[in-house]
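Each number in this note's numbering comes from the position in the sequence shown (counting from 1) with 725 added on.
The block underneath contains the structure these notes are about, expressed in structure tokens.
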Amino acid sequence: HTVADEPVERLMNWLLRTQDPSGGYGYMPKDPGALGRNIQQDRVTAGPCAAGTATTLIAADFLRFADPQAAANRAGSTGMGRSVRAVAESGPEKIPSKNVDQGMLLKSIDSGMRFIGGKYGNLATIDQFVFYYMYAFERTMSFHEKFQGVDIESPAWYNAGVDFLRKSQKGNGSWSLSGSYCGEAADTALAMLFLMRSTKQMIEESREGVLIGGNGLPTDVANLQTTSDGRVVKPEMFKSMDGLLDLLSKDDETMDGIGAMPEKFDLADDPKERASQVARLRRMAEGGTYQARRIALKALGQTRDFDNIPWLIYGLTDPDDDARKIARDGLRFMTRKFQGFGMSDTATVEDGRVAQEKWKVWYKTLRPEVEFVSE
């Protein structure tokens, strides 16, 4: 099903009219009836501010608006650091809606982002519905990145949120604070959605094409090739993710030239192609060369797909020290269980086996139908 522009244009103009002069949004907005006559709203609190700004950004995206600097960002001409990816949208040129004032829209978004950053930048100061706010805030920041045409690998706001949740998590794994009001189950779900960057995942899944700068390894950019005598070289470009998988299937001697492991792996967008790549990575995690196992475990740990957790659990007893640590870190990253079940950087295979059994018990609480090979 498709949605016409007209109802979204009406929504956007209503958002522009009902924004508080401060840049925030009230819980039950009052409509002054005309653009440019914004009036003071009641109950301008953290949650509505994030929700209103996020909705504005979502509607702007739907109506094909973008930050004027976005084109330059996508072209990589802004001197962005290695932690920032320039995102390129494929397809024909998108013409913004003519029934929304672009100047007012840009001012509204800027005002909303400034208000949130200034008043609610410190999570510890939010005394009501903090987990709902974090869920809405992640949505706001993810769509703001898309609006700007960038993808920040490790944003400060997210790291601050992770730190807040690490400190406030209860012993049983849940979250709930006085004044959050949603209840333990809902608060925990909202916290997990923030940690998983659920909106960012949705945006990435819908994106047709991505260009990555820095250490990332995209689906259709360059890196490694094999020479005619079977040696691995590092030219400027790497043909495809499948090309890397082909290299991983070779023997130890051929793999010696690969060099440093990429920091990020992006699998194919096409579901069938992606499933094929994941299946190959799983096989390599089980029985490839030690270099292949390291890379396969790291790639699987970045998928955020809980179906891949059993292969990471299996990797906790890998004979290679680095592979075990990669499997451990992948489990912590994917599940957001910050301390996992032990395992220091110097953990032995036996230490890994102890942690492995604990991870199995935990995973079966989520997927009771799963049977591990050792059972």
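No residue lacks a Cβ here, since even glycine has one placed at the ideal position from N, Cα and C.
Is the segment 873-885 close to the segment 783-790, with three or more CB pairs under 8 Å? No: the two stretches stay apart, fewer than three of their Cβ pairs being nearer than 8 Å.
Should Met966 and Leu992 be called a contact, given that it needs their Cβ atoms to be closer than 9 Å? yes
I need the boundaries of the alpha helix (DSSP H) containing Val728, first residue and last residue. Where Val728 is concerned, there is no enclosing alpha helix (DSSP H), given that its DSSP letter is neither H nor E.
Curious, which full-length alpha helix (DSSP H) runs of at least 4 residues does the segment 975-1051 contain? 977-980, 996-1012, 1015-1026 and 1034-1040
With 16 other CB atoms within 10 Å as the buried threshold, where does Met737 fall? buried
DSSP-derived helix/strand/coil call for Ile877: strand
Among Met1068, Arg1092, Leu1091 and Asp730, which residue has its Cα nearest to the Cα of Gln1081? Met1068
Along the chain, where does the alpha helix (DSSP H) containing Glu1075 start, and where does it finish? Val1074 to Leu1091
Alpha helix (DSSP H) segment containing Ala914, residue limits: In this chain, the alpha helix (DSSP H) harbouring Ala914 covers Glu909 to Leu920.
Pairwise C-alpha distance: Met921 and Leu1056: 13 Å
Since Arg891 and Gly748 are thought to touch, with beta carbons under 8 Å apart, how far apart are those beta carbons, to the nearest angstrom? 30 Å between Cβ atoms; not a contact.
Would you identify the three-state DSSP class for Gly896, choosing helix, strand or coil? coil
Taking the straight line between their C-alpha atoms, what separation do you get for Tyr883 and Val1079? 32 Å
Give the straight-line distance between the Cα atoms of Cys907 and Arg768, rounded to the nearest whole angstrom. 18 Å
Under the criterion of a Cβ to heavy atom distance below 8 Å, does Asp876 qualify as lining the ligand NAP? The ligand NAP is not part of this structure, which contains no ligands at all.
In the DSSP assignment, find the unbroken alpha helix (DSSP H) run with Ser1069 in it and report its ends. No alpha helix (DSSP H) contains Ser1069, which DSSP labels as neither H nor E.
At which residues does the alpha helix (DSSP H) containing Leu830 begin and terminate? Gln827 to Lys844
Cβ-based burial, Thr780 [other Cβ within 10 Å; buried from 16]: buried
Per DSSP, Gly761 is paired with what? Paired residues: none, contrary to the question.
Among Asn847, Asp852, Arg1007 and Asp1070, whose alpha-carbon lies nearest the alpha-carbon of Leu902? Asp852
8 Å Cβ shell around Asp756 - same chain, five flanking residues per side excluded: Trp739, Arg742 and Thr743, listed in sequence order.
Distance check for Lys1083 and Asp1045, CA to CA, integer angstroms please. 20 Å
Taking buried to mean at least 16 other C-beta atoms within 10 Å of its own C-beta, is Lys997 buried or exposed? Exposed.
For Asp888 and Trp900, the rounded distance between their alpha carbons: 13 Å
Can you give the Cα-Cα distance for Glu1075 and Arg1049, rounded to whole angstroms? Glu1075 and Arg1049 have their C-alpha atoms some 11 Å from each other.
Do Ile820 and Ser867 count as a contact pair if the criterion is CB distance below 9 Å? no
In the DSSP assignment, what residue or residues form a beta bridge with Val769? Gly751
Beta-carbon proximity of Leu918 to Met829, cut-off 9 Å: no
State the DSSP-derived secondary structure class of Gly777, mapped to helix, strand or coil. helix
So, with DSSP's three-state summary, where would you put Ala791? coil
Take Leu970 and list the residues in its own chain whose beta-carbon comes closer than 7 Å to its own, dropping the five residues that flank it on each side. Correct list, in chain order: Gln1002 and Arg1005.
When you compare each of Val825, Gln794 and Tyr860 to Thr924 by their alpha carbons, which one comes out closest? Tyr860
In three-state terms, what does DSSP make of Ser867? helix
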